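Novice:
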Amino acid sequence: MAALNKRSLTDLQEMDKSHHLHPFTDHKELHAQRSRVISRAEGVYIFDADGNKILDAMSGLWCVNVGYGQQELVDAATAQMQELPYYNSFFQCSHPPAIELAALLQDLSPPHLNRIFFTGSGSESNDTIVRMVRTYWDLMGQPERHTIISRDNAYHGSTVAAASLGGMQSMHKQSGLPIPGIVHVAQPYWYGSDQSLSPHDFGIAAARTIEDKIKEVGADKVAAFIGEPIQGAGGVIVPPDSYWPEVQRICDEYGILLISDEVITGFGRLGEWFGADHFGTRPDFMPFAKGVTSGYLPLGGVFVSDRVADVLTEKAGEFAHGYTYSGHPVSCAVAMANIKLIQRENLVGRIKNDIGPYLQEKWRALGEHSLIGDTRMVGLMGAFEIVKEKSSLQRFEEDQNAGATLRDHLLQDGVCMRAVGDKIICAPPFVLSHSEVDTMIEATWKALDLTKASLAGSQYG
Ligand SMILES: *Cc1c(COP(=O)(O)O)cnc(C)c1O
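Residues are numbered in my numbering as their position in the sequence shown, beginning at 1, plus a constant of 312.
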C-alpha cells in the first residue's frame, strides 16, 4: 500500500496499460485515455488518485451496500484471519463461519428455502444452479428435462454457463454461446416496446412468451426458468406488476423450477430482504453474491428450496461439484458482520420507509426534464431513459452517445452513475443520507442541462 502510494499516478497508469487486462473494457479506448485510478473510499464517496471526491451512486458494482469504511467488517475479517484463514468444506469438513452464516441466511430467506450452497461469486452460483437443476431432474427420473429458459438482455454472470444463461448478444457473439440447452424469451421491458399494450397487458404477454417457449421445446424437456426480479445490468428493467405472478403461474402449471437471480436484489436493495419477497414469487433457487458481503470480500451462494434440496441430499450420492473457496471462512465472517450491521441499523426498513421514498420522489421529478422519457426506481435501484423527443419516443442517434455524455457530465460534477446505452442507472449505498440524495439529484439536473446543450451543439441538431 505504502509502496504503491509512492508511485506517481502516471507511473500507475503506464503499468496498468502495460500489464493489466481489464474486464468489460475496450482496451484501445482505455489506452487512448488514462485509467481512472480509485485509491480510497469512505462512506458513499470514492476518491480517485487525482484527488477528486466522487459520490458513488452505483455502490461499486451494485455491491457496497453498507458503504465504505465500515470498521466492523474489517475487524471481522482480521479476527477470522487470525483464527482460521482458510479451510475447505469438501469431504465431510466444515467450519464455524460457514455453518453460522448458512443458519443466519436461512433465517432471512422465504420459509421454504432452508439450505445454502456457497460459491465465490454470482457467476459461480449460476453455474452451480445449472448443475443442480439438471441433476435434480436426472434424480427425478426425467433426464430429458435439461432445457433452461432465460431472457433476452439478462445478466447472470460471465463464466461460460452464466454468460449462456445471460441474454447479452455482445457476450454470446464473442465466444460461441449459449451452450446447448439454454434458450431465451422476451424481457418485460414495456418502455422499450411500441407501447401499444397497457403495461398490465404487456406484462402478461411478456410472461406468456415463456409458455410459448415451453410448448415449442416440449413441456417434458424444460427444467427451469431463470430471471432477475429486476434486470440490473440490462438497464434496470422493472417489470409491470402483472409479470411475476403470471411467471409463477406458468412455472407451477408446468412443474418448472423457478430461479430468482438475487445477486443484485438480495440483501435489501428493493426494501425487502429479497426480490422474491418484493414480487411475491416462490423460487426453487436464489443465487446471491455482491451485497452478501457488501463487496468487502468475494462470496456467493445459492439458496436451495426444500423440494430440490431433499432430492439432492437423499437421492444422490456425492454431488460432484464445488469450489476451493466455497464458504471461505473469512468471507463468511465478513458476510455475518455485514448482515448484522444491516439488521442493527434497520437498513432494509430504511430503504422501504425513508431513504427509498425520498430518493424515488426526486428521481420521478427528473422526468420533467425535456431529455427524460421515463424514470423508474424500486427501493434504491433505478434508471431513467434519455430521449430526443418524449411524445414520439424518438431516441438520439447511437453515435451521439447521449448516455455516455450525461454520465461524463455527472462524473465531472462528482457523481458516479452508469450509462447502459441511453439509460442512466443508479444503485446507491443503503447508508446514503438525505443531503447526499440532494447532492446527487442537483448534479443530475445540472448534467441534464449540459447534456442537452452538448447534444444540441452536435452536428445532428
Ligand atoms: C453481477 C451479477 C452476476 C454475476 O456475479 P459475479 O459475482 O460478477 O460473478 C449474476 N447475476 C446478476 C443478476 C448480477 O448482477
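C-beta: ideal position from N, C-alpha, C; glycine also.
Everything numeric in this text was worked out from a predicted model, so none of it was measured.
According to DSSP, is His496 part of a helix, a strand, or is it coil?
Specialist: Strand.
Novice: Just to confirm the assignment: which complete beta strand (DSSP E) runs, minimum length 3, are found wholly within the stretch 463–546?
Specialist: The qualifying runs are 494–497 and 534–539.
Novice: Which value, in whole angstroms, describes the spacing of the CA atoms of Leu367 and Glu710?
Specialist: One C-alpha to the other measures close to 28 Å.
Novice: Look at Glu565 and Gly515 and say whether their C-beta atoms are less than 9 Å apart.
Specialist: Contact: no.
Novice: Helix, strand or coil, according to DSSP, for Ser371 in the structure here?
Specialist: Three-state result, Ser371: helix.
Novice: Give the range of the alpha helix (DSSP H) segment to which Lys674 is assigned.
Specialist: Run containing Lys674: Ile667 to Ala677, per the alpha helix (DSSP H) assignment.
Novice: In the structure shown, what three-state DSSP assignment does Arg581 receive?
Specialist: Coil, per DSSP.
Novice: Could you give the C-beta distance for Ser470 and His496, rounded to a whole number, given that I count them as a contact under 8 Å?
Specialist: Contact doesn't hold; Cβ gap of about 17 Å is too wide.
Novice: Is DSSP giving Phe600 helix, strand or coil here?
Specialist: Correct three-state label for Phe600: strand.
Novice: Could you tell me whether the Cβ atoms of Arg730 and Met370 are closer together than 9 Å?
Specialist: Result yes, Cβ atoms of Arg730 and Met370 sit closer than 9 Å.
Novice: Output the distance between the C-alpha atoms of Pro422 and Met444, rounded to the nearest integer angstrom.
Specialist: Going by the C-alpha atoms only, they are around 20 Å apart.
Novice: Check whether the stretch 539–551 touches the stretch 497–514, taking contact to mean three or more Cβ pairs, one atom from each stretch, closer than 8 Å.
Specialist: With the cut-off at 8 Å, the stretch 539–551 and the stretch 497–514 touch.
Novice: By the three-class DSSP mapping on this structure, what secondary structure does Gly773 have?
Specialist: Residue placement at Gly773 cannot be trusted, given a pLDDT of 43 that sits under 50; what the coordinates show is reported in the next sentence. It is coil, neither helix nor strand.
Novice: For Met480, which of Gln418, Pro541, Ala545 and Ile522 has the nearest alpha-carbon?
Specialist: Cα-wise, what sits closest to Met480 is Ala545.
Novice: As a quick check of your reading: which residues have a C-beta less than 5 Å from at least one non-hydrogen atom of ligand 1, in chain order?
Specialist: Every residue passing the under-5 Å Cβ criterion appears here: Ser433, Gly434, Ser435, His468, Gly469, Glu540, Gly544, Asp573, Val575, Ile576 and Ala601.
Novice: Tell me, please, which residues DSSP counts as bridged to Phe430.
Specialist: According to DSSP, which records beta bridges pairwise, Phe430 is partnered with Gly613.
Novice: Give me, in chain order, the residues of the same chain whose beta-carbon lies closer than 7 Å to that of Gly379; leave out the 5 immediate sequence neighbours on both sides.
Specialist: Only Gly355, Val356, Pro741 and Val743 meet the Cβ criterion.
Novice: Please name the residue or residues paired with Phe359 in a DSSP beta bridge.
Specialist: According to DSSP, Phe359 bridges with Arg352 and Lys365.
Novice: Could you give the residue range of the alpha helix (DSSP H) that holds Phe591?
Specialist: Where Phe591 is concerned, the enclosing alpha helix (DSSP H) stretches over Gly587 to Phe591.
Novice: For Met693, which residues does DSSP report across the bridge?
Specialist: Answer by DSSP bridge pairing, in chain order: Val690.
Novice: What would DSSP say about Gln706, mapped onto helix, strand or coil?
Specialist: Correct three-state label for Gln706: strand.
Novice: So what does DSSP say about Val743, is it helix, strand or coil?
Specialist: Coil, per DSSP.
Novice: Assign Met598 to one of two classes, buried (16 or more other C-beta atoms within 10 Å of its C-beta) or exposed (fewer than that).
Specialist: It is buried - the Cβ of Met598 has at least 16 other Cβ atoms within 10 Å.
Novice: Using three-state DSSP, classify Ser256 as helix, strand or coil.
Specialist: For the chain, the structure presents residues 313 to 773; residue 256 sits outside this window and is missing.
Novice: Is the stretch 566–586 touching the stretch 600–616, taking contact as three or more C-beta pairs under 8 Å?
Specialist: They touch, by the three-pair rule.
Novice: Are the beta-carbon atoms belonging to Leu692 and Ile663 less than 9 Å from one another?
Specialist: Against a cut-off of 9 Å, the Cβ pair of Ile663 and Leu692 comes out as a contact.
Novice: So is Met648 buried or exposed if we call it buried at 16+ other beta carbons inside 10 Å?
Specialist: Label assigned to Met648: buried.
Novice: Determine the direct distance from the alpha carbon of Leu477 to that of Tyr467, and round the result to whole angstroms.
Specialist: Going from the Cα of Tyr467 to the Cα of Leu477 covers about 8 Å.
Novice: Measure the beta-carbon distance from Cys563 to Phe586 and round it to whole angstroms, keeping in mind my assumption that it falls under 8 Å.
Specialist: So it is not a contact: roughly 17 Å between Cβ atoms.
Novice: Can you name, in chain order, every residue of its own chain whose Cβ lies under 7 Å from the Cβ of Gly634, other than the five neighbours on each side?
Specialist: For Gly634, where only same-chain residues beyond five positions count, the Cβ hits under 7 Å are Phe402.
Novice: Within 10 angstroms of the Cβ of Cys405, are there 16 or more other Cβ atoms? Answer buried if so, exposed if not.
Specialist: Exposed: under 16 other Cβ atoms inside 10 Å.
Novice: When you compare each of Arg457, Val732 and Leu609 to Ala531 by their alpha carbons, which one comes out closest?
Specialist: Closest by alpha carbon: Arg457.
Novice: Where does the unbroken beta strand (DSSP E) through Ile736 begin, and where does it stop?
Specialist: Ile736 -> beta strand (DSSP E) spans Lys735 to Cys738.
Novice: Find out if the Cβ-Cβ distance for the pair Glu697, Asp734 is shorter than 9 Å.
Specialist: Yes, Cβ-Cβ distance for Glu697 and Asp734 is below 9 Å.
Novice: Give every residue of the same chain whose Cβ lies closer than 7 Å to the Cβ of His424, excluding the five residues on either side of it in the sequence, and list them in chain order.
Specialist: Correct list, in chain order: Arg594, Ser617 and Asp618.
Novice: Cα separation between Thr756 and Glu540?
Specialist: Rounded to whole angstroms, Thr756 to Glu540 spans 27 Å at the Cα level.
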